[in-house]
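>
2 protein chains.
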Amino acid sequence: MDMTEDFNLIMEDFLPLRDVVFNTLRRAILTGTLKPGERLMEVHLANKLGVSRTPIREAIRKLELEGLVVMVPRKGAEVAKISEKSLKDVLEVRRALDELIAKLACSRITREQLSELREAADEFEKATKTEDTSTIARADIAFHDIIMEATGNLRLKQLVNNLAEQMYRYRFVYLKDESKHSMLVKEHSRIYDAIKNNDTEAAMEAARIHIDNQEKAIIAHIRMERAGEDKDSI
Amino acid sequence: MDMTEDFNLIMEDFLPLRDVVFNTLRRAILTGTLKPGERLMEVHLANKLGVSRTPIREAIRKLELEGLVVMVPRKGAEVAKISEKSLKDVLEVRRALDELIAKLACSRITREQLSELREAADEFEKATKTEDTSTIARADIAFHDIIMEATGNLRLKQLVNNLAEQMYRYRFVYLKDESKHSMLVKEHSRIYDAIKNNDTEAAMEAARIHIDNQEKAIIAHIRMERAGEDKDSI
DNA sequence: TAATTGCACATTGTATACAAAAACGGAGTA
DNA sequence: TACTCCGTTTTTGTATACAATGTGCAATTA
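Each protein sequence line maps, in turn, to chains A and B. Count along the first sequence starting at 1, add 232, and that's the number in the numbering used here. Count along the second sequence starting at 1, add 232, and that's the number in the numbering used here.
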């Protein structure tokens, strides 16, 4: 192999190698270091990461079930391609789940969580002033994590995390556009207000709008990206 | 080991052994042959199924990500315990997804699918007359599969399948009770009518009621089961 | 008797070896 | 040139070997 990919083992001490490899490969896929359609060859990865084939294979089994890689029989694993259709599918589900999250949060949020949420919303507004996209992204995640936590539903959390990963590489898209920042701040405020007032309908509506806007930005971005690239896979 | 579990390799020809093992173990867990908390010891399973440890381990990695087994570090895998809380979490999510399915099916179902759905509803009614629970279960699954297919959302299908598995062993509970059969038939009819008339609100409502009734039956069953058993795990 | 140490064994974690199938390439032929 | 056949190589699929860690039991000691 001529190319030297720029990823290395993510050392999380005392985790089994398979999990270390799993996290490493997952991050590489989600950040785009491993590109859609790229083959994952076991010996190659094993040499690159300095482990044997066994942990590599076990990590690939998990990535397979997570949908990040697809297996071609007797050929091995390759990074899953993300079509516009599959992204729309994901967003369709996320919309429903985000509405559920908003609804549950309304009835279950505690006083402390509510004040944390207020702070997180303020933090987000402050972050949009810094113009640093990754700071903004962190603040956005923090805000939504609090709402997620308030639902008290672990399974829901797990599912949404998994779905969120599928669109990870597009997260920055809708945060980079400064003209949208004030709108995002307003949307967060609406969500906060609705939850505070225990107004289920308003909370769900606000969550829906929030996702809709993300969807528009992401789809637009993908179309652009596709126009500039080669063919049918994004 | 003194006990002889009654499961054998499910032979699906030309699938890699790891997938055969995966299906075998999954079915064993879902049907209760492998009980919650039971340890999955690699050599034991390997001998029992007549393969080496490698496919066993790879199958376990997938079951792990699916949530059917949990790993205890340096101790190995054991069948996940299902608490009432986690089941409620699952059902809460399923309710939202089933409403989404109903909504999408309303707007996207084709003429053929609609007539298939009519037939499936009739088949279900017929099945309830046979008194054979597994026949009824099959008919129920067939009915819901058609609606699922009509949504055209693969990701949604995948998620719901996974969630459904978590409650698989309780599926029979709400189908065994004959007194509920006429109600189930009515519920299916309501769902069919709503979808046929493209009445989104009614379809979602009907789906919600359908799940609510399942939830009640399952929770009641679990409480009974728990009362008759030992301790805190179901 | 109760506690503790140490050893043997059981079990997982990781690496390697072997088998089989598919991909590749080159020689030969029309 | 285009095409096919055949062997070589690469790569996955499966099995086994080795390492490391935990667990239980017995023997020893206070």
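Just so it is clear, CB atoms sit at the ideal spot from N, CA and C, and this is done for glycine as well.
(1) Can you tell me where the beta strand (DSSP E) with E193(B) in it begins and where it stops?
(2) Report yes if the C-beta distance between D330(B) and A439(B) is below 8 Å; otherwise report no.
(3) Residues of chain A with a CB under 9 Å from the CB of E324(B): which are they?
(4) Using a Cβ-Cβ distance under 8 Å, would D377(B) count as near chain A?
(5) Using a Cβ cut-off of 8 Å (strictly closer), state whether R293(A) contacts chain B.
(6) In the DSSP output, what is R271(B) paired with across the bridge?
(7) What does the alpha-carbon distance come out to for the pair E457(A) and L349(B)?
(8) Give me the Cα-Cα distance between R387(B) and K361(A), rounded to the nearest whole angstrom.
(9) Residues in the same chain with beta-carbon distance under 7 Å from N385(B), minus the five sequence neighbours each way, listed in chain order, please.
(10) Can you grab the Cα-Cα spacing for the pair K358(A) / L266(A), in whole Å?
(11) If you measure between the beta carbons of A278(B) and L257(B), is that distance less than 8 Å?
(12) Of the residues R422(B), R250(B) and T367(B), which one's Cα is nearest the Cα of H442(B)?
(13) Output needed for E419(B): all residues of its chain with C-beta closer than 7 Å, excluding positions within five of it in sequence on either side, in chain order.
(14) So with CB distances below 9 Å, who are the chain A contacts of S318(B)?
(15) Classify L325(A) as helix, strand or coil using the three-state DSSP reduction.
(16) Can you give me the start and stop residues for the alpha helix (DSSP H) that M415(B) sits inside?
(17) From this set, M273(A), I333(A) and N255(A), which residue's C-alpha is nearest T432(A)'s C-alpha?
(18) Which one of V405(A), H376(A) and F254(A) has the shortest CA to CA distance from T365(A)?
(19) Just reading off the alpha helix (DSSP H) that M380(A) is part of, what are its end residues?
(20) With 16 as the cutoff for other CB atoms within 10 Å, does V252(A) come out buried or exposed?
(21) Span of the alpha helix (DSSP H) holding V405(A)?
(22) Below 8 Å, how does it come out for the segment 304-323 of chain B and the segment 443-451 of chain B: are there three or more Cβ pairs, yes or no?
(23) Can you find a C-beta in chain B that's less than 8 Å from the C-beta of T236(A)?
(24) Give the straight-line distance between the Cα atoms of E344(B) and L295(A), rounded to the nearest whole angstrom.
(25) Between which two residues does the beta strand (DSSP E) carrying V283(B) extend?
(26) So with Cβ pairs under 8 Å, would you call A328(B) a contact of chain A?
(27) Using CA coordinates, which residue listed in F246(B), F254(B), L247(B) and A260(B) is at the minimum distance from Y400(B)?
(28) Give me, in chain order, the residues of the same chain whose beta-carbon lies closer than 7 Å to that of F356(A); leave out the 5 immediate sequence neighbours on both sides.
(29) Considering only their Cβ atoms, is the gap separating A382(A) from R340(A) smaller than 8 Å?
(30) How big is the Cα-Cα spacing for G264(A) and N429(B)?
(31) Check each residue of the segment 393-410 of chain B: if its Cβ is closer than 7 Å to any Cβ of chain A, include it; give the result in chain order.
(32) Tell me which same chain residues have a C-beta within less than 8 Å of the C-beta of I451(B), skipping the five on either side of it?
(33) Would A369(B) and R327(B) qualify as a contact pair, given that the criterion is a beta-carbon distance under 8 Å?
(34) Between the C-alpha atoms of R285(B) and V392(B), what's the straight-line distance to the nearest angstrom?
(35) On the premise that L249(B) lies in contact with P287(B), defined as a C-beta separation below 8 Å, what is that separation, rounded to the nearest angstrom?
The relevant details are as follows:
(1) A question about residue 193(B) goes unanswered here, because the residues of chain B that appear run from 233 up to 466.
(2) For the purposes of this step, residue 330(B) is taken as the residue at position 98 of the second sequence. For the purposes of this step, residue 439(B) is taken as the residue at position 207 of the second sequence. Yes, Cβ-Cβ distance for D330(B) and A439(B) is below 8 Å.
(3) Indexing the second sequence from 1 puts residue 324(B) at position 92. Chain A residues near E324(B): L332, L336, T383, N385, R387 and L388.
(4) Taking the first residue of the second sequence as 1, we reach residue 377(B) at position 145. Not closer than 8 Å to any Cβ of chain A, the Cβ of D377(B) fails to qualify, so no.
(5) Position 61 of the first sequence holds residue 293(A). Output row for R293(A): interface = yes.
(6) As a first step, residue 271(B) is located in the second sequence; it is residue number 39 there, counting from the start. E310(B).
(7) On the first sequence, position 225 is the one that residue 457(A) refers to. On the second sequence, position 117 is the one that residue 349(B) refers to. Computed Cα separation, rounded: 40 Å.
(8) Within the second sequence, the letter at position 155 stands for residue 387(B). Within the first sequence, the letter at position 129 stands for residue 361(A). R387(B) and K361(A) have their alpha carbons spaced roughly 37 Å apart.
(9) The residue labelled residue 385(B) in the question sits at position 153 within the second sequence. Beyond the five residues adjoining it in sequence on each side, N385(B) comes within less than 7 Å, by CB distance, of L336 in the same chain, given in chain order.
(10) The residue given as residue 358(A) occupies position 126 in the first sequence. The residue given as residue 266(A) occupies position 34 in the first sequence. Cα to Cα, K358(A) sits roughly 34 Å from L266(A).
(11) As a position in the second sequence, residue 278(B) is number 46, starting the count at 1. As a position in the second sequence, residue 257(B) is number 25, starting the count at 1. The answer is no: Cβ separation not under 8 Å.
(12) Counted from its first residue, the second sequence places residue 442(B) at position 210. Taking only the C-alpha atoms, the option nearest H442(B) is R422(B).
(13) Against the second sequence, residue 419(B) aligns to sequence position 187. Once the five neighbours on either side are set aside, the close Cβ partners of E419(B) are A438, I441 and H442.
(14) Indexing the second sequence from 1 puts residue 318(B) at position 86. Correct list: L386 and R387.
(15) Locating residue 325(A) in the first sequence gives position 93, where the first residue counts as 1. The identity of residue 325(A) in the sequence shown is Val, whereas the question assumes Leu. Note: V325(A) maps to helix in three-state DSSP.
(16) In the second sequence, residue 415(B) corresponds to position 183, counting from 1. Looking at the DSSP string, the run of the alpha helix (DSSP H) that includes M415(B) is H413 to K428.
(17) In the first sequence, residue 432(A) corresponds to position 200, counting from 1. Of the listed residues, the one whose Cα sits closest to T432(A) is I333(A).
(18) As a position in the first sequence, residue 365(A) is number 133, starting the count at 1. Of V405(A), H376(A) and F254(A), the residue nearest in Cα terms is V405(A).
(19) Residue mapping note: residue 380(A) aligns to position 148 of the first sequence, counting from 1. Its alpha helix (DSSP H) spans residues T365 to T383.
(20) By 1-based counting over the first sequence, the position of residue 252(A) is 20. The residue is buried, with at least 16 neighbouring Cβ atoms inside 10 Å.
(21) Position 173 of the first sequence holds residue 405(A). Looking at the DSSP string, the run of the alpha helix (DSSP H) that includes V405(A) is V405 to K408.
(22) yes
(23) Here residue 236(A) refers to the residue found at position 4 when the first sequence is read from its first residue. Confidence in T236(A) is poor, its pLDDT being 43 and thus under 50, which makes the residue's placement unreliable; the coordinate value appears in the next sentence. No, T236(A) does not count as interfacial toward chain B.
(24) For this step, residue 344(B) is matched to residue 112 along the second sequence. For this step, residue 295(A) is matched to residue 63 along the first sequence. In a straight line, the C-alpha of E344(B) is about 36 Å away from that of L295(A).
(25) Taking the second sequence and counting its residues from 1, one reaches residue 283(B) at position 51. Run containing V283(B): none; DSSP gives neither H nor E here.
(26) Locating residue 328(B) in the second sequence gives position 96, counting from the first residue. Taking Cβ atoms only, chain A reaches closer than 8 Å to A328(B), which makes this a yes.
(27) Indexing the second sequence from 1 puts residue 400(B) at position 168. Y400(B) has its Cα closest to that of A260(B), out of F246(B), F254(B), L247(B) and A260(B).
(28) By 1-based counting over the first sequence, the position of residue 356(A) is 124. Excluding sequence neighbours, F356(A) sits near A371, D372, F375, V417 and H420.
(29) Numbered from 1 along the first sequence, position 108 holds the residue referred to as residue 340(A). Numbered from 1 along the first sequence, position 150 holds the residue referred to as residue 382(A). Their beta carbons are under 8 Å apart, which means R340(A) touches A382(A) by this criterion.
(30) Counting from one through the first sequence, the residue named residue 264(A) turns up at place 32. Counting from one through the second sequence, the residue named residue 429(B) turns up at place 197. Each residue's Cα considered, the two are about 45 Å apart.
(31) Within the segment 393-410 of chain B, no residue places its CB atom closer than 7 Å to a CB of chain A.
(32) The sequence position of residue 451(B) within the second sequence is 219, counting from 1. If we look at I451(B) and ignore the five residues flanking it on each side, its Cβ neighbours are E316, L319 and K320.
(33) Taking the first residue of the second sequence as position 1, residue 369(B) is located at position 137. Taking the first residue of the second sequence as position 1, residue 327(B) is located at position 95. Not in contact: A369(B) and R327(B) (Cβ atoms no closer than 8 Å).
(34) Counting from one through the second sequence, the residue named residue 285(B) turns up at place 53. Counting from one through the second sequence, the residue named residue 392(B) turns up at place 160. Straight-line Cα distance between these residues: approximately 31 Å.
(35) Residue mapping note: residue 287(B) aligns to position 55 of the second sequence, counting from 1. Residue mapping note: residue 249(B) aligns to position 17 of the second sequence, counting from 1. The Cβ separation is near 4 Å, so the contact holds.
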